[in-house]
Structures are given as C-alpha cells and as structure tokens.
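Quick note, the sequences are listed as chains A, B and C, same order. The first sequence runs 1 to 320 under UniProt numbering. The second sequence runs 1 to 516 under UniProt numbering. The third sequence runs 1 to 235 under UniProt numbering. For every residue, glycine included, the Cβ atom is placed at its ideal position computed from N, Cα and C. On a predicted model such as this, the values are computed, not experimentally measured, just so you know.
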Amino acid sequence: MATRVKQEPVSPTSRDVSSPPPGVNHNSQIVEREQRILNLLQKSTKAISDKEILLEIPDLSPQDRATIINNLLQKGFLDVFKQGEKLVYKFKEPSCPSKIKGADNEEKIVYSIIEKAGNKGIWTRDLRVECNLDQTTLNKILKKLESEKVIKAVKSVAAARKKVYMLYSLEPDSSVTGGAWYNDQDFEAEFVDVLNQQCYRFLHQKKEAVKNCKDGPIVAQNMASASSKDVWKYISELGISKVQLAVQDIETILNTLVYDGKAERSVLADGSLMYRAVESLLPPPGIVRTPCGVCPILKQCSDIGSINPNNCVYMTEWLE
Amino acid sequence: MSIQFGKVCSLILREHFGEIVGKVGTDLYKWGQKPLMSVVSSTKLSVEKVRQSLCILVQYGLATFSAGRSDRIAEYSLLPEKVFSLLRYPRYLYLIKTKFGVEAEMLMEEFLKAGFGSASRIIIRAATRLKEKKELEDASTNFPLLRDKFVSLVNKQYLMRCPAPEKTEDGKPSLIPKLTVAENQLYLPPTLNIKALTILDEGNPADAGDEGVYWRINFDRFHQDFRDQIMVTAISRRIDENGGEIIRLLLQLMYIRTEAWAQISNPIPFTELRDTLRKQDPQSPILQHLDQYLKVIEEDSSGFITRVGDSGGGQYCINMRKSFEALAWNCVENIIVERFGSKAARIFRLVKDRKFIEQEKIQQIAMIPAREAKQLTYRLLQENFLQIQELRKSMAQNAGPNKSFFLFHVDLEEVARMVLDFSYKALYNATTRRELESEENRRLIEKKNKVDSIAANMRLQGAAQEQLDEIEEMMAPAEVELFTKVMNRVQKLSEAELHLEQTIFLMQLFLNYSTK
Amino acid sequence: MAGRGRGRGGGNSFKDINERIGLPAGGPAAGEAPVESVLEPPPLFPPLESRPVPLDLGVEGEYLLALKRDFVEYFHDSPSYLQDIVVKADIQRYSDRYQTATLASRTTADLVCDWTHFPKELKDIGSKPRRKRKLKSSKGNAKVPRKAEDIINRLEELEKQEEGSDAEGEVETDGKKVDNNDEIKDADSEAGEEVDEEDLDEEMDDGTDYRNSHFDNGEDYIDEEEDNLDDGPVY
Chain A
1 MATRVKQEPV
11 SPTSRDVSSP
21 PPGVNHNSQI
31 VEREQRILNL
41 LQKSTKAISD
51 KEILLEIPDL
61 SPQDRATIIN
71 NLLQKGFLDV
81 FKQGEKLVYK
91 FKEPSCPSKI
101 KGADNEEKIV
111 YSIIEKAGNK
121 GIWTRDLRVE
131 CNLDQTTLNK
141 ILKKLESEKV
151 IKAVKSVAAA
161 RKKVYMLYSL
171 EPDSSVTGGA
181 WYNDQDFEAE
191 FVDVLNQQCY
201 RFLHQKKEAV
211 KNCKDGPIVA
221 QNMASASSKD
231 VWKYISELGI
241 SKVQLAVQDI
251 ETILNTLVYD
261 GKAERSVLAD
271 GSLMYRAVES
281 LLPPPGIVRT
291 PCGVCPILKQ
301 CSDIGSINPN
311 NCVYMTEWLE
Chain B
1 MSIQFGKVCS
11 LILREHFGEI
21 VGKVGTDLYK
31 WGQKPLMSVV
41 SSTKLSVEKV
51 RQSLCILVQY
61 GLATFSAGRS
71 DRIAEYSLLP
81 EKVFSLLRYP
91 RYLYLIKTKF
101 GVEAEMLMEE
111 FLKAGFGSAS
121 RIIIRAATRL
131 KEKKELEDAS
141 TNFPLLRDKF
151 VSLVNKQYLM
161 RCPAPEKTED
171 GKPSLIPKLT
181 VAENQLYLPP
191 TLNIKALTIL
201 DEGNPADAGD
211 EGVYWRINFD
221 RFHQDFRDQI
231 MVTAISRRID
241 ENGGEIIRLL
251 LQLMYIRTEA
261 WAQISNPIPF
271 TELRDTLRKQ
281 DPQSPILQHL
291 DQYLKVIEED
301 SSGFITRVGD
311 SGGGQYCINM
321 RKSFEALAWN
331 CVENIIVERF
341 GSKAARIFRL
351 VKDRKFIEQE
361 KIQQIAMIPA
371 REAKQLTYRL
381 LQENFLQIQE
391 LRKSMAQNAG
401 PNKSFFLFHV
411 DLEEVARMVL
421 DFSYKALYNA
431 TTRRELESEE
441 NRRLIEKKNK
451 VDSIAANMRL
461 QGAAQEQLDE
471 IEEMMAPAEV
481 ELFTKVMNRV
491 QKLSEAELHL
501 EQTIFLMQLF
511 LNYSTK
Chain C
1 MAGRGRGRGG
11 GNSFKDINER
21 IGLPAGGPAA
31 GEAPVESVLE
41 PPPLFPPLES
51 RPVPLDLGVE
61 GEYLLALKRD
71 FVEYFHDSPS
81 YLQDIVVKAD
91 IQRYSDRYQT
101 ATLASRTTAD
111 LVCDWTHFPK
121 ELKDIGSKPR
131 RKRKLKSSKG
141 NAKVPRKAED
151 IINRLEELEK
161 QEEGSDAEGE
171 VETDGKKVDN
181 NDEIKDADSE
191 AGEEVDEEDL
201 DEEMDDGTDY
211 RNSHFDNGED
221 YIDEEEDNLD
231 DGPVY
C-alpha cells in the first residue's frame, strides 16, 4: 500500500477576487480541517473511510484530503488500512516516537500492526496482508526491527515451523507457548502422565483413608474429596515440576482423570471444584478376557478363510 | 436378528441336541415360521428325524407352533432367545440353590432336563435323585418337603403353568392345539395328593390330583434376578456394601408397585424403605445413615435412583433405563481400555461427555499429543466405537477441503449392538475351539474316562491295589499329561464362555430398555 | 443426474477423513512403519498389542462349569440327542448298536409328557410306515420295496396288534387331500432312505422279544468289547 496518498493534479480555477489569497487561506484551512478530521478519527471507534471524511467536510478536495492524511500519518495519528478496494483510516495515539526514531513510514506501519497484536503475536503471512508490502521489503523491515530489539519472533505451538512476531518486551501468551505443557514446542506428554498419576495417587489415598469411617457416607465422601487447590498444593510440594504450575493447570490434569473414569468432579455452592477417586461400576467384561477381545483381525475371522478360531494363533498361545 | 446370533444358536443346539436338531433349528432361524414338510425339503433330512427334532424343540420350549396359512397345517417357529437361554441353565440352577436350597435345586434341575412336566412326575424324579444323593432308604420322606418347595417356587413365580389346549367341539384333540392359560391361573399352586405320589413312585397308577396340569420354568423371573444382581454389585463397587444392600431393598419394593420390566419404578417412599429395613434387620448399620446413602447414590453420576418428591420423607425411583445406560457405557469403556489403551478410553469418555466435539478440542482437553490423539481417534472411528458427523461451513457444492469440519460423537445404541455382535462372535469362537480341542483328542478323552470309570467301579467293589495300579497303567504318563493339558484348555474356554454370556446378558438388557 | 462420478455426500471413505484430519493416507500404520529392507506381506496374525484380562470366576464359576458339563452330558445321553447312527457290516458294530440302544432306554416319544400339547403330526413318530402300509393295504396297492428281513415283518405284526383300532380310525376320518399328499411324499422319501434307520427306530420300541433277548447278553458283550479295544479288532 502506498504510504502516501496520491496527489491528483490540480485543475486551474478562476480566482475569486473577494476571497483571500488562496495560498494563505488554504494552508490555515488545511490545518483547521486536519484538526477536524483528527477529531473525527478520535471520535470513531472504528476506521473511517473517505466517504465519512467527505460527509464531515463536503467541499474537501481530494488533493487536500491527501495532504491531510499524509500529515496525520507522519505525525503518527492514524493508521491506513485497505478495506476491499478503498482505504480506511483509524485513529491511534502517536506512540513513543523514540522507538521508531528514524524509521520511515513503512516501518512505522509494520510496527503498529505488530504492536496491535499484543502478546498473541501475528503470523508473518497475516502481517504481510495487513501492511500490503511485498515479501522482501517486509523481511528487511522485520530484520531491522528484530536487530534493534524492537520486536521478536516466537515459535507457536499451534503450528510447527510458523512464527509470530510481537513486541520485544512482551511475554508471549500461553496460547502461543502452550503454557506449562510445552517445552519449546514439544508437548511434554510424559510430564502430563506423571502429574496424572500423582493426582490420582493423592485422591486414591484420601479415599482409602476413609474406608472404615463410621460416620456415614456423606462424611466419608467429603473426607475423600479434595479441592483443586488441595491437589495443587500437594503437587507443588512434591516438587516434581520444574515450571510453576497454576491451580488451573492442575484442574486440567484433574479433568483428564475424570475422563479416565478414575475420578468424579462436583461443584460446590461457591463454585470451587471438588474431586474424588471413584471405582468403575463393572469389572472388565467377558470379551476382553478372551483373545478375541483384543484381536486386531477380528473382522476377518470367520469359518471359512485362513483366519478362524480353529487355527488362531492367539488362541493357541492363550490356551497354553 | 443378526447372523452372528444365528450361528451361536445353531452351535448351542448342536452341542446340546446333536447335529440333526441343529440343522432343523438353523433352518427355522433362517426362514422363520414354516411347516414340517418345508423343513424337510430344505434340510433334506427324513420326515422322521424332523418330526423328532421338532418334538424336542417344542418340548423344551425352544420352538412354538401355530396354525399358519391353513388351519390344518402347523407352522413352527424357533424362539432364539430361549435357545440362547440354554447357556444360562447353570446360572438358573445356582440361583435356586442359593435362594431356596438343595431340594428346590433338584426340582429345578428336573425341570431344566425335562422342558415341561407335571408337578407329580417332577417331584417323584427329584425325590429319587435326592434319595441317591443323600443315600436315603426311602424317597417318599422327601415328598412333603419337595411339595412345599414346589409351591414356594410357584408362589415366587419361578415356575408357571403351561398353557393348556383349548377344549375342542368334539372333545377330540385338534390337529394344531391352541394353547392358552388364564392370567389368574398362571401361578396357582397345584393340589397334590402326597399318598398318591408314593404309589406312583412304586410304579403303580394313581391319581396325584394334577392330571393335565403342567408346569414350566419362568425364565423371565430369573432374568429379573440377574438384572437385580448386576445393579446391586455395581453400586457395591461404586459406593459400598451398604449402598448395594439399599439398592436390593429398593428393588424388592419396586416389585410390589411396578411392573417388572418398567423403565422406571413407581416412587418408593423413604418411610417404607426404612420400615422394611428395620423389619428385616433391626440392628442394621444402614438405618442410621439411610437418608445419607440415598443422597449419595442419587448424586452419583451413574444415576441409578432419582428423588422425585418430598412426601413420606422423600420419594425415590429406581431408573432402570438410566442404570443400564450407565452400565452399558461402563462396559464399552472397559472394553476400549483393554482393546485400545487407556488414552483411547479417555478420548471416548471425552466425546461422550461433550456429545459433539472436534478433533482439535479432543487433543487439547485430553492432553494427549496431537499425533497420538489423532491415531487413537481414527482407530476408534474405524472400529465403530465413535461416529462422525460432517458439518459444512458453506452451502456450496463441491466446496474445497477446508469448507467443512468433522464432529465426533457416540451413538451408544449402535456401539452396543456392535459390542453385542462382537460378543456373539467371541462366544462362537470359544465354543468352536473348545469342540475342536475335545474332538481332536476324543479317543484320548474317551480312554481316560473309561479307565477312570473302571477304576472307580473296582474301588467300589473293593479291588486290590495291584489291580488298581494295573488299570492306571493303561494310560501312559505322556497320555495323562496330554489329557490334563487338553482338559485345562477346555476348562479355560468354558470359563470364557460363561463370562461372555454375562456380558451378552447385560448388553441385551440395555438394548431392550433403550429401544422400548 | 449421471450415474457416474462420485457424488458428494456418499459415504466418506476413511481416506478422505484421514486427509482432512491430517493423518497420513493409509491410516496410522503407513506413517509409522519404518521402511525395512525386506518387503514382505504383513503377517497374518500380527503381534498382539495387549493381552486379554485374566479370567476369574472363583468358586462359583467352578461350580457353574461343573453344572454345565453335567447338563451337556445329560442331554447327550438322553433321547433328545439325535444322531444318525451308521451301521457298519462287522459284528462288533452290530452289538455296539444294541448297547447304545440299551443305554438310551427312553425314546423321543417318551420325552414328550403330553401329546395333547403338540400338533398331531408330530405324534406319529415311527408310526408312519405302519400307517402307510395300512393305507396301502386297505387300498390294495403295491407294496413299497423293503428289505426282506423276517425280523422287521414280525415287528410290524406285533405293532399292528398293539395299535389296535385307533390308527385305522384316524386313517379313515382324516383321509383328506393334505394328509394323503403327506403320506405319498413320505413313501417317496422313505423308499430312498436308509432303511437301517427305521429298523433302529422300530427296534427301539419297548417290549419286543428280539430286543429283550439281546438285553440279556448285554453285559457279556460289554466285557468282551473292553478287551477288543486293547487288542484291536478281531477278524
């Protein structure tokens, strides 16, 4: 996208004797109009287009409009975006100029887009679309900003090999890093499993402890239950985690226990979550006690054909 | 009905009644209701053999007949569920033994062996067997006891009257008897003349007072008991023994006020439950915390009971349909754990909980590495434990690959049917393999049995040790070793069959409740 | 709509779904299996990923198994276990057959406790040949070719006497088309049948002299057979 609004050639107009010399008046008019457009920008929550500007100042010439926009752009009061075929303008606070001292408009735009992405960052590709620069130019800018430690690239867990850019000083959001469960792109499956097992151990022990409780089932169940905080405390004290885990992280693990059928969750009146170990309703069913239950080729097994109960290797092995 | 189920039924018939009855039964299963001659022509057996087979099937309640297209031609249909019940005979007997004692067990055994029969005949036979067992001098001492046990079996509805042929106009038996029995007659105990039984036992004719009245087993009643057992055991595991006991009581009370196979019981007031418990066991530790237990059971995710009202200290319903749904879920999950691993089971439970969920979400919440999660999900899908629903993002036809997304969900009924079929297959395989093991080593088994029986006879007659040793030596040690091996294999397969039958029972129950 | 071509909405093949959820084509195996130098067809019985759960039925289970064995044995020995008994020409089998006959002392007919609960057509076990002959003799038709064994004829005579007038009455009153057809069919099928089977059925009836006389010899035969088993058949 052009950083300058193209100026259209001015057609000579006849002078009006009564009006002040066009040059002087024109300039102050432009300054005044710039202010008005700036106000308009400030007022709007979303980007405004040329149409809105014309509504505000109907007799604004395209030339002047271009001048004003460029001025405001220079001063850092707005961003220019492309919406479909037209340009739109959005107000922004002119940010610390020191950061972009000496930078040209292109860099400024790239910077502002990255800044807007906050701590979630923005993909290279999306960045390119927004600022409308070509790849090489963009890469140059990015390299420059990176070397100046203005921005940084972070690998995202959402997609391997893709990077997001964000301001250097920001802490990447957990959706990017994967939070506690990711160590540099790799999902720490073993770590998660260990936590799962430890949480279960904690709950199971609690349950065993109330086995001979004489005070009735509700008391027993309450004593066997633990809040997510309780479990978090236990796990933290175990010291098996290199990273600091939050209560919410532990809740995620506890939820996997529920999905393992090993624990049940209940919600208290105050919204806190309680967990307790539970026993399966049934013992393993008959099918999985025979080879057929774990047989990978059960579908092909029949009376005719080379896979049948009489010559089944798994059966033979199992029967020995 | 499924092919797999048909194969199992054929196998059961063959095992109990031989190849010929098996063929007839299979034919009826395949073709449904048909007359005698049609069976003859499709099985290519002799009329004689088919007649005998049909007699046997009808006698044991495995098939029925009715007037078909023509009034004069009887058409026969197989009762596959009854055929399958042959596998449950040991369980039926064991239940009676534990609930009513050995005399009742004898009676029931005679019924299982006879199909249907008159009270007098069955009692006499049972008495004879008891005499042998207890080595009594005289069988007749058992008659009153047996009669009483018989009556209690009838009162408890384990036995019921057979429908009798309707009286025809000319008093002669009709070609195709129409069998009916009045509702109020079903469980009316027989009137028996004990003295007459003694006379009959000696082989002389007498009128025991129950001419023309026949009894048969009410299998349904047993199935209710099995169902109850499953529920009690489940709650015992989940909560504790006391919880299980409460469920047992609730079920007892359910029978009084609700039809046996209703999906949900009529409400049972807390006060009644408490009073019943007090009457049965005044010292029961449950009494103190009865209300607590009810609350705990009610709040458990299995959903066996629901509290429906507050009068009478609280009104509770047992929800059969929900219970068996929870049990079916549990069974399927347990299968998945063994067959695919615990991570796969986690995925399954997650999909069950969320009803419809995308692949991305699955790996996120289940905390399983993306690749593994996808593989397991795929595997579950392929084996039909998960189902998939496609949602289009755009209405355009032939939209590209990114224009629709897939949601996973579980259709429990479909999965249950699949598991049931899968169980039939495993049962079929186990039985087939067992028969093979026996058949391959038939001579060896026969020889060992003969040797054993000779040795037993000789021991009874007080033979000398040398003679016994001689007999033992008829079998080489290698043969004995092989025999033991074969027997172990056969035993293992039989055990597997027993287990499978129980899983099948559970799944059949669930499907019955869910498709009503 | 043309019949050719794949329409949308036809069952998605797993391949499609695989691609969409990002799995390599061919399912999990393809992405994993290392390319080995020797390519061979996958084994028919691939190694098991997991073992079956051990069986555990306990004491109750043992009892149930014993019960099951008893039941199956009982049924095997009872007349409800039908099988084709093939008669061989040597003497040993002949006596063997009679031994079996003595063991299964009840017939299928005895199994039934009340014929009024059964369709009439099932009642006539073993009696069709007699009925047929009666019918034919009353009509004066040619006899069906039979093995000329005096024993069988003697049996028939005895049975006819036992039957009495009932069977005759049935034949006459029920002489409708359907029954006739049945009987003619029977004649055809039985003519081509193994006559030995019927011999056996008839001989299993109670109270025939022939069978009784053999019964006395039964015990001796058993012992002799035992020895024969060990030494092999004596020719």
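Close-in-space but distant-in-sequence residues of the same chain around residue 188 of chain A (CB under 6 Å, 5 per side omitted): Working through the first sequence from its first residue, we reach residue 188 of chain A at position 188. The answer, listed in chain order, is 181.
Following the continuous alpha helix (DSSP H) through residue 96 of chain B, name the residue where it begins and the one where it ends. In the second sequence, the residue the question calls residue 96 of chain B occupies position 96. Here the alpha helix (DSSP H) through residue 96 of chain B covers 89 to 100.
With H, G and I counted as helix, E and B as strand and the rest as coil, what does DSSP make of residue 390 of chain B? Start at 1 with the first residue of the second sequence, and residue 390 of chain B comes out as number 390. Strand.
Beta-carbon of residue 55 of chain C versus every beta-carbon of chain A: anything under 8 Å? For the purposes of this step, residue 55 of chain C is identified with residue 55 of the third sequence, where counting begins at 1. Chain A contact via Cβ: present.
Going along chain A, which residues have a C-beta under 8 Å from residue 48 of chain C? The count along the third sequence starts at 1 and reaches residue 48 of chain C at position 48. In chain order: 291, 294, 295, 296 and 314.
Inter-residue Cα distance where the pair is residue 132 of chain A and residue 77 of chain A: Walking along the first sequence from the start, residue 132 of chain A turns up at place 132. Walking along the first sequence from the start, residue 77 of chain A turns up at place 77. About 20 Å.
Taking only three categories from DSSP, how would you classify residue 117 of chain B? Taking the second sequence and counting its residues from 1, the one referred to as residue 117 of chain B is at position 117. Residue 117 of chain B falls in the strand class under three-state DSSP.
Residue-chain proximity (residue 52 of chain C, chain A), Cβ-Cβ < 8 Å: Indexing the third sequence from 1 puts residue 52 of chain C at position 52. For residue 52 of chain C, the answer is yes, since a Cβ of chain A falls inside 8 Å of its Cβ.
Where does residue 278 of chain A sit, in a helix, a strand or coil, going by DSSP? Start at 1 with the first residue of the first sequence, and residue 278 of chain A comes out as number 278. Residue 278 of chain A falls in the coil class under three-state DSSP.
Below-8 Å beta-carbon distance, residue 280 of chain A vs any chain B residue: Here residue 280 of chain A refers to the residue found at position 280 when the first sequence is read from its first residue. By this cut-off, residue 280 of chain A is an interface position.
Is residue 288 of chain A close to chain B, meaning its C-beta is less than 8 Å from at least one C-beta of that chain? Counting from one through the first sequence, the residue named residue 288 of chain A turns up at place 288. Output row for residue 288 of chain A: interface = yes.
Candidates B:331, B:412 and B:156: closest to residue 355 of chain B by CA position: As a first step, residue 355 of chain B is located in the second sequence; it is residue number 355 there, counting from the start. Residue 355 of chain B has its Cα closest to that of B:412, out of B:331, B:412 and B:156.
Close-in-space but distant-in-sequence residues of the same chain around residue 489 of chain B (CB under 7 Å, 5 per side omitted): Here residue 489 of chain B corresponds to residue number 489 of the second sequence, with the count starting at 1. Hits under 7 Å: 437.
Interface partners of residue 29 of chain B on chain A, CB under 8 Å: The residue you call residue 29 of chain B lines up with position 29 of the second sequence. By Cβ distance, chain A contributes nothing, its closest Cβ being about 16 Å from residue 29 of chain B, past 8 Å.
Whose CA, out of B:143, B:179 and B:20, lies closest to the CA of residue 212 of chain B? As a first step, residue 212 of chain B must be located in the second sequence, where it is residue number 212. When only C-alpha atoms are compared, the closest one is B:179.
When you compare only the Cα positions, how much space is there between residue 79 of chain A and residue 65 of chain A? For the purposes of this step, residue 79 of chain A is identified with residue 79 of the first sequence, where counting begins at 1. For the purposes of this step, residue 65 of chain A is identified with residue 65 of the first sequence, where counting begins at 1. Computed Cα separation, rounded: 15 Å.
What is the DSSP secondary structure of residue 367 of chain B, reduced to helix, strand or coil? Residue mapping note: residue 367 of chain B aligns to position 367 of the second sequence, counting from 1. Residue state, collapsed to three classes: coil.
Please list the partners that residue 17 of chain B has in chain C, where partner means a Cβ-to-Cβ separation under 8 Å. Here residue 17 of chain B is taken as the residue at index 17 of the second sequence, counted from 1. Chain C residues near residue 17 of chain B: 75, 80, 81 and 82.
How big is the Cα-Cα spacing for residue 91 of chain B and residue 64 of chain C? Residue numbering aside, residue 91 of chain B sits at position 91 when the second sequence is read from its first letter. Residue numbering aside, residue 64 of chain C sits at position 64 when the third sequence is read from its first letter. Whole-angstrom Cα-Cα distance: 7 Å.
Among B:115, B:144 and B:112, which one has its Cα closest to the Cα of residue 124 of chain B? In the second sequence, residue 124 of chain B corresponds to position 124, counting from 1. Closest by alpha carbon: B:144.
Count the CB pairs spanning the segment 484 to 502 of chain B and the segment 413 to 427 of chain B that are closer than 8 Å, and state whether there are at least three. yes
Residue 84 of chain B versus residue 29 of chain B - alpha carbon distance: The sequence position of residue 84 of chain B within the second sequence is 84, counting from 1. The sequence position of residue 29 of chain B within the second sequence is 29, counting from 1. In a straight line, the C-alpha of residue 84 of chain B is about 12 Å away from that of residue 29 of chain B.
Classify residue 79 of chain A as helix, strand or coil using the three-state DSSP reduction. The residue given as residue 79 of chain A occupies position 79 in the first sequence. Note: residue 79 of chain A maps to strand in three-state DSSP.
Do the segment 451 to 471 of chain B and the segment 27 to 44 of chain B touch if we need at least three Cβ pairs shorter than 8 Å? no
Distance between beta carbons of residue 163 of chain A and residue 156 of chain A, contact taken as under 8 Å: Here residue 156 of chain A refers to the residue found at position 156 of the first sequence. Here residue 163 of chain A refers to the residue found at position 163 of the first sequence. With 8 Å as the limit, residue 156 of chain A and residue 163 of chain A qualify as a contact, their Cβ atoms being about 7 Å apart.
Residue 160 of chain B bridges to which residues according to DSSP? On the second sequence, residue 160 of chain B is found 160 positions in, with the first residue counted as 1. B:216, per the DSSP bridge assignment.
Cα-Cα separation, residue 117 of chain C to residue 214 of chain B: On the third sequence, residue 117 of chain C is found 117 positions in, with the first residue counted as 1. On the second sequence, residue 214 of chain B is found 214 positions in, with the first residue counted as 1. Cα-Cα distance, rounded: 10 Å.
Are the segment 51 to 63 of chain B and the segment 181 to 188 of chain B touching, with three or more C-beta to C-beta distances below 8 Å? no
Beta-carbon separation of residue 145 of chain A and residue 127 of chain A under 8 Å? Translated into positions along the first sequence, residue 145 of chain A becomes position 145. Translated into positions along the first sequence, residue 127 of chain A becomes position 127. Not closer than 8 Å, so no.
Range of the contiguous alpha helix (DSSP H) that encloses residue 131 of chain A: Start at 1 with the first residue of the first sequence, and residue 131 of chain A comes out as number 131. Residues 124 to 131.
Can you tell me which of the three DSSP states residue 163 of chain A falls into? The residue you call residue 163 of chain A lines up with position 163 of the first sequence. Of the three classes helix, strand and coil, the one that applies to residue 163 of chain A here is strand, per DSSP.
Mind checking who residue 186 of chain A pairs with in its DSSP beta bridge? On the first sequence, position 186 is the one that residue 186 of chain A refers to. Answer by DSSP bridge pairing, in chain order: A:183.
Residue 523 of chain B versus residue 121 of chain C - alpha carbon distance: Lying outside 1 to 516, the shown extent of chain B, residue 523 of chain B is not represented and no answer is given.
Can you give me the C-alpha to C-alpha distance between residue 290 of chain A and residue 271 of chain A, rounded to a whole angstrom? Along the first sequence, one-based indexing puts residue 290 of chain A at 290. Along the first sequence, one-based indexing puts residue 271 of chain A at 271. Going from the Cα of residue 290 of chain A to the Cα of residue 271 of chain A covers about 45 Å.
My output table needs one value for residue 258 of chain B: the three-state DSSP class, helix, strand or coil. By 1-based counting over the second sequence, the position of residue 258 of chain B is 258. In the structure shown, residue 258 of chain B sits in coil (DSSP, three-state: anything other than H, G, I, E or B).
Can you tell me the Cα-Cα spacing of residue 133 of chain C and residue 96 of chain B, whole angstroms? As a working note, residue 133 of chain C is residue 133 in the third sequence. As a working note, residue 96 of chain B is residue 96 in the second sequence. Note that residue 133 of chain C scores 38 on pLDDT, short of 50, meaning its location in the model is unreliable; the coordinates nonetheless yield the value given after this. Distance between the alpha carbons of residue 133 of chain C and residue 96 of chain B: 50 Å.
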